[in-house]
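Numbering (this note's numbering), first residue to last: -17 to 366. Comments concern the structure below.
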Amino acid sequence: MEGEFATVLWHLVAGATLLFGSGLFPGLFIIKILDPLADTFRKVMLLPAISLLVVFGISGWMVVITGKFDSATLMLLLIIANCIAVVFHWKRDVIRVRRLTQWELMEERADLIESEGELPKAIETESLNGETTELEEDIEDKKNLAIDLASSRSWWLPLALATAALLSLLPLLLFEYPNGVDWIGFSTLSHRLATSGDLSLPAISEGNWTYPPALPATAALLESVIGISPASAIHLVGQLSLFALLWGIAGAADRWGASGPTLLCLALVPALFVKAHDSGYPTVASQLGLVIGLLVLLRPIAERRRGQDILFAICVITTGAIHPTGALYLGTLLGAYLITHRFGMRRQIAVSRLALTSTVILSIAAYIVLVTFAPRLLSEPVFS
């Protein structure tokens, strides 16, 4: 990054605080939905990826929907998102001690039927006789399993996480500018958003840049709030995305006690680091959606709920605003999941619901792309 060492260090700390902190409470709320038994250590691994994905989604779709960028409006939207997340997070933490009404019993039994295909006899008898129900009848076993997994983590996992963070952030201290040439275009887009609020070309040129706006808009936020240069903003967002991705994938694998080996496997695969080294930052950042995809899909069907399916669908369109690669990866992951679980069987209602929800969301996203972007490609000079 540009500047003296102390300046670079300050920009790094301030930028990381802004990006990860802006999505802090939505990230905690999403983790509460997808992995309610996660301990503090796992939350620390998951939070950077999910928080950054929230910021990408809000900033990117604000530009797509309104066609404009404004840092004050974006900060307001992020504050609103955090307030909403705090309210819902508090509601989910309230302990229910009263007896359930018959209507609530019917709703919760319907959720069980949708997730498992049929209501187990034991639960049905208990619900009818006791006028209450336990949605997670084996909650103590799950807690004990989570404690066992936490205690069996590899002793070298903290060292591996620290190494991953160092390797991800070290280029910010070593290089004044990113490597490759892609960052020049991204810097142009982010600076245009920060200065003029849109992606139109400066005079005397005509036309508009057409590119998924999430990463340039997030970099423009850093440029506007912290005051760093466009090149440094792109560099910082890209390397923080790589850091969050490595920790997020490790956190998702920690649910099965495989965080350490998974992180080691990621370190041995050069493609991800090569893409970041070549400043292909949107491609790397779009992989953040895989963190939520793994948390949603790689779990027993009986543990699936509507909210998780909705989060997966939102994750697909969020990654699409960063780069199509992430949305394609999530789509192929969903396709593999549906094939594995024999989509269409009567007992797999939860699988059908996930496919239907994702199809509807993807159709809306495709409509926006075809109606918003495609006409411009035919009627206006476009640089992309």
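Cβ coordinates follow ideal geometry from the N, Cα and C atoms, glycine included.
CA-to-CA, the gap between Thr314 and Ala(-12) works out to about 44 Å. Under DSSP, Ser182 forms a beta bridge with Asn190. Between the stretch 190 to 200 and the stretch 232 to 249 there are fewer than three inter-stretch CB-CB distances shorter than 8 Å, so the stretches are not counted as touching.
Rounded to whole angstroms, Thr307 and Ala196 show a C-alpha spacing of 14 Å.
Taking C-alpha positions only, Thr301 is separated from Leu270 by approximately 8 Å.
The beta carbon of Asn64 sits closer than 6 Å to those of Phe7, all from its chain and outside the five residues before and after it, given in chain order. Cβ contact annotation for Lys257 (same chain, cutoff 6 Å, sequence separation greater than five): Thr265 and Val266, in chain order. If you draw a straight line from the Cα of Ile208 to the Cα of Tyr311, it is about 33 Å long. With contacts defined by Cβ atoms closer than 9 Å, Phe168 and Ile216 form a contacting pair.
Remark: C-beta atoms of Leu19 and Leu293 do not approach each other more closely than 9 Å.
If you keep only unbroken beta strand (DSSP E) runs of at least 3 residues inside the stretch 13 to 45, you get nothing at all. By the neighbour-count criterion, in which 16 or more other beta carbons inside 10 Å mark a residue as buried, Ile62 falls on the exposed side.
Non-local beta-carbon contacts of Phe70 in its own chain, meaning distances under 8 Å to residues more than five positions away in sequence, involve Phe11 in chain order.
Less than 9 Å separates the beta-carbon of Ser211 from that of Glu(-16).
Take Gly39, set aside five residues on each side of it, and the residues of its chain with a beta-carbon closer than 6 Å to its own are Thr300, in chain order. Burial is judged here by how many other beta carbons sit within 10 angstroms of a residue's own beta carbon; Ser134 has fewer than 16 and is exposed.
Exclusion of the five residues before and after Asp164 leaves Ser261 and Gly262 as the residues of its chain whose Cβ lies within less than 6 Å of its Cβ. When secondary structure is reduced to three states using DSSP, Asp236 falls in the helix class.
Counted as a single uninterrupted DSSP element, the alpha helix (DSSP H) harbouring Gln290 occupies residues Arg288 to Ile304. Three or more Cβ pairs drawn from the stretch 171 to 190 and the stretch 43 to 63 lie within less than 8 Å of each other, which places the two stretches in contact. The three-state reading of DSSP puts Ile47 in helix, counting H, G and I together. For Phe2, the enclosing alpha helix (DSSP H) covers residues Phe(-13) to Ser4. Around the C-beta of Gly(-3), 16 or more other C-beta atoms lie within 10 Å, and the residue is accordingly described as buried.
Distance between Trp(-8) and Arg281, taken at the CA atoms: about 40 Å. Contact check for Ile304 against Gly42 passes: the beta carbons are separated by less than 9 Å. Rounded to whole angstroms, the separation of the alpha carbons of Leu58 and Pro140 is 36 Å.
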